[in-house]
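Peer 1: My questions will all concern the structure given below.
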Amino acid sequence: MLIEKLVDLINKTPWQLDNPIWIKQRKKDWAELSKTLRDMESFLPKDVRYYKSYYLTGELPEIKDELKDLPEHANCTILLLLHPLQTEENITELYLTFCQLREDANNNKQANYSNYRYRDKDFFFHRVLAKQNFYFKGNSQGVVHGLEEVYCRLLYGTTEQQWQELTRGNKCSFGAFCSSGTLLLLNPDTYINDHYQYLGDFSFYMAPLQDYTFGRTPVEVNQFLQLIQYYELLDPFKGIDEERYQRAWKLVNLTREKLNTTELPELLQQMWDFAQTPEGKEATYSSFPKKYPILTVLTE
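Numbering (the numbering used here), first residue to last: 272 to 571.
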């Protein structure tokens with residue numbers, strides 16, 4: 272498997288196999304992490320058995336029975352997630368190395384790089400990021416070690432050319448960005464590292480593909496835009512939770528800038544224009560005021 276070749280490339284120095292204290296702590300960490308990955312339904316038992324060796328020693332186990340021993344999920348992002356050195360620099364270097372190896376294994380480098388990056392993003396989003404957003408609460412740190420922003424930058428990309436390669440399967444990204452944003456701006460129990468806060472540029476790029484009339488989309492988008500316009504009147508984390516306060520305002524300022532400098536789809540532009548009117552300030556959307564009583568400030 273290609274994943275075996277990827278492991279062969281990895282510098283094994285971070286695995287301190289001559290340090291009994293490190294080994295003991297690593298085993299303890301694996302017991303906790305593997306249980307969490309199982310509880311999140313990110314890993315199946317076969318995955319836990321297979322990746323335990325890599326987590327503890329930097330090597331993959333010997334495969335005697337492919338049906339029994341091979342993991343259910345094989346993706347290079349797992350190797351990043353389970354690496355001992357969880358820093359932005361190391362994760363970035365490893366992922367780019369993996370991409371280069373996979374390019375070299377194929378003749379059509381550009382096409383295969385694009386396809387692999389799509390699959391990496393799709394896998395990591397569904398198996399890890401989306402699941403931990405629901406599993407973890409409040410200011411706890413998830414299984415990504417607080418590096419959600421790094422993974423988003425690597426897997427989603429930072430340029431329009433890279434985003435264009437991900438349009439399939441991401442047509443609802445802007446609506447999801449708004450829904451997650453509302454939670455981050457109002458709910459102290461929302462997982463603080465929810466990855467959508469790092470996908471503002473990507474989400475606005477995908478905004479023209481969003482259906483603004485489908486299901487709860489108009490409710491979710493309108494509520495989020497109202498928060499963005501009038502957040503000074505709410506500011507629920509000020510003087511209470513400094514980290515959430517800083518993150519909330521970073522999201523608000525980023526979104527305001529994008530709304531005011533981006534050519535928006537017609538329906539989204541109409542929603543944003545309405546949010547800035549007296550009627551938009553006092554509008555109520557679904558059960559949001561009941562769930563978040565602080566919103567009544569906007570109607571006083």
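No residue lacks a Cβ here, since even glycine has one placed at the ideal position from N, Cα and C.
What is the rounded straight-line gap between the Cα of Ala382 and the Cα of Gln433?
Peer 2: Note on Ala382: pLDDT 45, under 50, position unreliable in the model; the coordinate value appears next. Near 12 Å, if we compare the C-alpha coordinates of Gln433 and Ala382.
Peer 1: Looking at the ligand SAH, does it come within less than 7 Å of Leu341, judged from the CB to the closest heavy atom?
Peer 2: Among the components of this structure there are no ligands whatsoever, and the ligand SAH is therefore not found.
Peer 1: Just reading off the alpha helix (DSSP H) that Leu426 is part of, what are its end residues?
Peer 2: Glu419 to Tyr427 is the extent of the alpha helix (DSSP H) around Leu426.
Peer 1: Return the Cβ separation of Leu525 and Gly471 in integer angstroms, given the expectation that the two are a contact with Cβ distance under 8 Å.
Peer 2: About 5 Å separates the two Cβ atoms, so the contact holds.
Peer 1: From what residue to what residue does the alpha helix (DSSP H) around Ala554 run?
Peer 2: That residue, Ala554, is in no alpha helix (DSSP H); it is neither H nor E in DSSP.
Peer 1: Let's see if you can read the secondary structure: which residues bound the alpha helix (DSSP H) around Met542?
Peer 2: From DSSP, the alpha helix (DSSP H) with Met542 extends over Glu537 to Ala546.
Peer 1: Three or more beta-carbon pairs under 8 Å between the region 395-408 and the region 297-315, yes or no?
Peer 2: Yes: at least three Cβ pairs fall under 8 Å.
Peer 1: Span of the alpha helix (DSSP H) holding Arg320?
Peer 2: Residues Pro316 to Thr328.
Peer 1: Between which two residues does the alpha helix (DSSP H) holding Ser313 run?
Peer 2: Here Ser313 belongs to no alpha helix (DSSP H), and DSSP marks it neither H nor E.
Peer 1: Once you ignore the five residues that flank Thr555 on each side, which residues in its own chain have a CB closer than 8 Å to its CB?
Peer 2: Excluding residues within five positions, the ones whose Cβ falls inside 8 Å are Leu566 and Thr570.
Peer 1: Using a threshold of 8 Å, state whether the C-beta atoms of Tyr476 and Glu431 are closer than that.
Peer 2: It is a contact, given that the beta carbons lie within the stated cut-off.
Peer 1: Give every residue of the same chain whose Cβ lies closer than 7 Å to the Cβ of Leu351, excluding the five residues on either side of it in the sequence, and list them in chain order.
Peer 2: Excluding sequence neighbours, Leu351 sits near Ile362, Leu365 and Tyr366.
Peer 1: Roughly how far, in whole angstroms, is the beta-carbon of Leu331 from the beta-carbon of Arg297, given that I think they are within contact range, below 8 Å?
Peer 2: Not quite, the Cβ-Cβ distance comes to about 16 Å (not below 8 Å), so this is no contact.
Peer 1: Would you report the Cα separation of Ile292 and Trp286, rounded to the nearest angstrom?
Peer 2: Going from the Cα of Ile292 to the Cα of Trp286 covers about 12 Å.
Peer 1: Express the C-alpha separation of Thr348 and Leu288 in angstroms, rounding to a whole number.
Peer 2: So the alpha carbons of these two residues sit roughly 23 Å apart.
Peer 1: Check whether the region 452-462 touches the region 407-418, counting contact only when three or more Cβ pairs, one atom from each stretch, lie closer than 8 Å.
Peer 2: The region 452-462 is in contact with the region 407-418.
Peer 1: Going by beta-carbon coordinates alone, are Leu277 and Val414 separated by less than 8 Å?
Peer 2: Not a contact, by the Cβ cut-off of 8 Å.
Peer 1: DSSP on Leu470, reduced to helix/strand/coil?
Peer 2: Leu470: coil per DSSP, three-state reduction.
Peer 1: Quick check: Glu564 and Pro479, are their CB atoms within less than 8 Å of each other?
Peer 2: Residue 564 is actually Pro in this sequence, not Glu. Against a cut-off of 8 Å, the Cβ pair of Pro479 and Pro564 comes out as no contact.
Peer 1: Spatial neighbours of Cys423 within its chain, please: CB distance less than 7 Å, with the 5 preceding and 5 following residues excluded, ordered by chain position.
Peer 2: Only His466, Tyr469 and Leu470 meet the Cβ criterion.
Peer 1: What separation, rounded to the nearest whole angstrom, lies between the Cα atoms of Thr453 and Ile281?
Peer 2: Those two C-alpha atoms are separated by around 40 Å.
Peer 1: Count the other CB atoms within 10 Å of the CB of Leu426; is the residue buried (16 or more) or exposed (fewer)?
Peer 2: When all chains shown are included, Leu426 counts as buried.
Peer 1: Report the CB separation of Gln540 from Gln500 in whole angstroms; it is logged as a contact under 8 Å.
Peer 2: At roughly 14 Å, the Cβ-Cβ gap does not stay under 8 Å, so Gln540 and Gln500 are not in contact.
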